[in-house]
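**Q**
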Ligand code: ADP
Ligand code: ZN
Ligand code: ZN
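Numbering (our numbering), first residue to last: 4 to 710.
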């Protein structure tokens, strides 16, 4: 075969088509324009659309005279580089998802359609006084504010927080009044003795590290020191966080210590910001990306450090289809890129904890908080207490003391609305959504019932839907009602509610945070929204209202998650000098997990749970996968699941189910699954692989069994 023939034969491309849900089609490339990972334009039907080359091959099932040629190839950096391709291939194999589906969900396609000029999008800006020329009134106000400010570096979040609009800020960037902050001498980061020891160990050690340290123990400080070292060597750093929008302080702190080449990446960026970051990262112009989970797929050139903070957080598991663990993918990416990875948390996940025991990860501990303040956890036995609106008397007495001392107290209740349940007094009928298996939640403000799953509103019923009795009662305690009760009990102080209903816009959060930071005595009612990473310096006490259900739940992870949540919420208080008190209300104070909570010993809780997992052979002592399905009727669903069941024949794989989760009906579809469990990974993977070939949807290492 001569050379010409060979070339001829290598011009077939396997292209993932975005518009076709990630399915792959073959095209020819007569001019040899494309390479692996290229983004190409092709015709599809009558339209021109984008696709990504995921394979270059010699043969196709399509006869060569019927292969369509690609039309154009986008210039770099709009392509997928080899490192990214390698990661996608691993994800595809491990999570049993077609690579096309992964490619389409990981590549931010919308940036290709954006034709705006590239505006530098960096972590920090400085004011260029020379450029201050003709400005609109709003722009002038912003400039005046900056001139009067004590800051040298302005992050976009800082300006948004000062209530300037995105439009004003972007206009100032376009007019180069705001220019990327240049700092030639970064401030030195001073580490304590304990931090230095940890820093040295991390720097010298290969392989993943688990940094286990209570809130306020200085983990972020270590992240910054590690990052500084890596960027001084000209390399890149990826810092993954569960969410970014609610903690602009972290961003400001990084910019102040690491300088201009820090940027962020999350779902709220505009297309042009995304485009700017994507291209700057691929050219190594951005050294540090702080981002949420999708930042994992950025085209790094010189990635040498990955930090994954709050590694236990469930948002690092991408649910739905495709589903995968961002934490595990990050560990793989680190290995592939020969980068260092540090997983940090005050409440590490059981998976990482056991990886330390298996010596796959090394454990580094920081066991002292910088505030030196003591924290005390109290279990309040509800069975013997007088309750006022489901709050035990000692907690109300304590709230009075806290307020008298001029401090703040948080009431943690993970349930929104006013009354979470509407029922018939005569027959017990509970009002549920027509489309979902969900109790309707009554909100007093909107005077309506709402399904928190599909968001449909209902008016209040006048009669029972079952027995026609008119004795409809509202029951249960939601944040709206708790706020009202507390306001009635403590009329002289503000009671602020922080939940998904009151925090719909970014501005509401900014305002509330300002109000809390003023430090005046107040009560705060919050859902899990408040549990993540916020610093409230005047908050000394937290009451945890009602979490007993987690102790009864059937999901083997529920106590682990409950423990993490209690320690995370506890971490919100006592950041000032006064120390903190956490009051956990419970009707089952004899539960074996509670003494460990009371002693503040997360590691004891982990060791207790690990024994349970081992005895019952749950992960990490076995491997699980879900085979998921859905149907219009429960019966049809069961039949489908039973069909999958007949397709599984492997003596090493146990099949549990069909399992119909508590909320099976969602948006008119009934969801259920089979749970596959195996002591060894390979047989489980083999079974999953066969099922996927038959068209099943599997979820590997599922994180939630109640859905
Ligand atoms: P974590 O990330 O573990 O919650 P941080 O890094 O945010 O902890 O540190 C908690 C507080 O202690 C912060 O206010 C930080 O500025 C301070 N801090 C951390 N390390 C040092 C240090 N080496 N010297 C002085 N203050 C420090
Ligand atoms: Zn009834
Ligand atoms: Zn609904």
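Yeah, the Cβ is synthetic: ideal placement off N, Cα and C, and Gly gets one too.
Bear in mind that the values here come from a model prediction, so they are computed numbers and not experimental data.
(1) Starting from the C-beta of residue 478, find all residues in its chain whose C-beta is less than 7 Å away, skip the five residues before and the five after it, and write them out in chain order.
(2) On the criterion of 16 or more Cβ atoms from any shown chain inside 10 Å, does residue 5 qualify as buried, or is it exposed?
(3) Got a list of residues with beta-carbon closer than 6 Å to any non-hydrogen atom of ligand 2, in chain order?
(4) Taking the straight line between their C-alpha atoms, what separation do you get for residue 113 and residue 54?
(5) Can you give me the Cβ contacts of residue 76 inside the same chain, cut-off strictly under 6 Å, excluding the 5 residues immediately before and after it?
(6) Roughly how many whole angstroms lie between the Cα atoms of residue 153 and residue 621?
(7) Is the beta carbon of residue 446 less than 8 Å from the beta carbon of residue 218?
(8) Pick out every residue whose C-beta is nearer than 6 Å to a heavy atom of ligand 3: which are they, in chain order?
(9) So, with DSSP's three-state summary, where would you put residue 268?
(10) Runs of 3 residues minimum, wholly inside the region 192-279: which ones carry the beta strand (DSSP E) assignment?
(11) Please determine, among 292, 589, 431, 685, the residue with the shortest C-alpha to C-alpha distance to residue 626.
(12) Are the region 73-87 and the region 281-295 touching by the rule of at least three beta carbon pairs closer than 8 Å?
(13) When we look at the beta-carbon of residue 8 and count the other beta-carbons within 10 Å, is it buried (16 or more) or exposed?
(14) Looking at ligand 1, does it come within less than 7 Å of residue 198, judged from the CB to the closest heavy atom?
(15) Just to check my reading of the structure: residue 561 and residue 385 have Cβ atoms closer than 8 Å, yes? What is that Cβ distance to the nearest angstrom?
(16) Considering only their Cβ atoms, is the gap separating residue 32 from residue 73 smaller than 8 Å?
(17) Exposed or buried, what is residue 450 when buried is set at 16 or more other beta-carbons lying within 10 Å of its beta-carbon?
(18) Taking residue 706 as the reference, which of 591, 23, 564, 653 has the closest Cα?
(19) Note down, in chain order, each residue of its chain lying with its Cβ closer than 7 Å to the Cβ of residue 490, except the 5 sequence neighbours on either side.
(20) Quick one: measure Cβ to Cβ for residue 690 and residue 654, integer angstroms, because I've assumed they're closer than 8 Å.
(21) Residue ranges of each beta strand (DSSP E) run of no fewer than 3 residues wholly in the region 27-52, ordered along the chain?
(22) Judging by CA-CA distance, which residue of 232, 193, 185 is the nearest neighbour of residue 207?
(23) Mind checking residue 608: buried by the 16 CB within 10 Å criterion, or exposed?
(24) Beta carbon of residue 580, beta carbon of residue 318: below 8 Å?
(25) For ligand 1, any of its heavy atoms closer than 7 Å to the Cβ of residue 195?
(26) To the nearest angstrom, report how far apart residue 513 and residue 260 are at their CA atoms.
(27) Let me check you understand the geometry: is the CB of residue 221 closer than 7 Å to at least one non-hydrogen atom of ligand 1?
(28) Look up residue 543 in the DSSP assignment and say whether it is helix, strand or coil.
(29) If you draw a straight line from the alpha carbon of residue 177 to that of residue 292, how long is it in whole angstroms?
(30) From the DSSP output, in three-state form, read off residue 8 for me.
(31) Using the Cβ count rule (16 or more neighbours within 10 Å means buried), how would you classify residue 337?
(32) Should residue 260 be listed as close to ligand 1, given that the test is whether its C-beta is under 7 Å from any heavy atom?
(33) In three-state DSSP terms, what is residue 626?
(34) In this structure, does DSSP put residue 59 in helix, strand or coil?
(35) State buried or exposed for residue 417, treating a residue as buried only when at least 16 other CB atoms are found within 10 Å of its CB.
(36) Identify which residue in 210, 382, 271 has its Cα closest to the Cα of residue 593.
**A** Working from what's here:
(1) Residues 422, 424, 426 of the same chain have their beta carbon placed closer than 7 Å to that of residue 478, with the five preceding and five following residues left out of the count.
(2) Residue placement at residue 5 is poorly supported in this model, since its pLDDT is 49, which falls under 50; the coordinates are not used for a value here.
(3) Chain-ordered list of matching residues: 427, 429, 430, 432, 467, 469, 470, 472.
(4) Straight-line Cα distance between these residues: approximately 13 Å.
(5) 36, 37, 41, 43.
(6) Computed Cα separation, rounded: 54 Å.
(7) The Cβ atoms of residue 446 and residue 218 do not sit closer than 8 Å to each other.
(8) Near ligand 3, residues with a Cβ at less than 6 Å from any of the ligand's heavy atoms are 436, 438, 439, 441, 454, 456, 457, 459; the list follows chain order.
(9) Note: residue 268 maps to strand in three-state DSSP.
(10) Within the region 192-279, the complete beta strand (DSSP E) runs of at least 3 residues are 212-216, 239-243, 265-268.
(11) Considering only alpha carbons, the answer is 685.
(12) Yes: at least three Cβ pairs fall under 8 Å.
(13) Only weak support is given to the placement of residue 8: the predicted model assigns it a pLDDT of 49, under 50, and the value that follows is read from those uncertain coordinates. It is exposed - the Cβ of residue 8 has fewer than 16 other Cβ atoms within 10 Å.
(14) Flag set: Cβ of residue 198 near ligand 1.
(15) The pair is not a contact, with the Cβ atoms about 20 Å apart (cut-off 8 Å).
(16) Yes, Cβ-Cβ distance for residue 73 and residue 32 is below 8 Å.
(17) Its Cβ having fewer than 16 others within 10 Å, residue 450 is exposed.
(18) Of the candidates 591, 23, 564, 653, the one whose C-alpha sits nearest the C-alpha of residue 706 is 564.
(19) Exclusion of the five residues before and after residue 490 leaves 498 as the residues of its chain whose Cβ lies within less than 7 Å of its Cβ.
(20) In this structure, residue 690 and residue 654 do not form a Cβ contact; the two beta carbons are roughly 11 Å apart against a cut-off of 8 Å.
(21) The qualifying runs are 27-31, 42-47.
(22) The candidate whose alpha carbon is nearest that of residue 207 is 232.
(23) Looking at its Cβ environment, which holds 16 or more other Cβ atoms inside 10 Å, residue 608 is buried.
(24) Their beta carbons are not under 8 Å apart, which means residue 580 does not touch residue 318 by this criterion.
(25) At least one heavy atom of ligand 1 is nearer than 7 Å to the Cβ of residue 195, so yes.
(26) Here the alpha carbon of residue 513 sits roughly 23 Å from the alpha carbon of residue 260.
(27) Residue 221: yes, Cβ under 7 Å from ligand 1.
(28) DSSP places residue 543 in strand when its eight states are reduced to three.
(29) Whole-angstrom Cα-Cα distance: 22 Å.
(30) Note that residue 8 scores 49 on pLDDT, short of 50, meaning its location in the model is unreliable and no value can be drawn from it.
(31) Flag for residue 337 reads buried.
(32) Every heavy atom of ligand 1 is 7 Å or more from the Cβ of residue 260, so no.
(33) Strand, per DSSP.
(34) Residue state, collapsed to three classes: strand.
(35) With 16 or more other Cβ atoms within 10 Å, it is buried.
(36) Comparing Cα positions, the closest option is 382.
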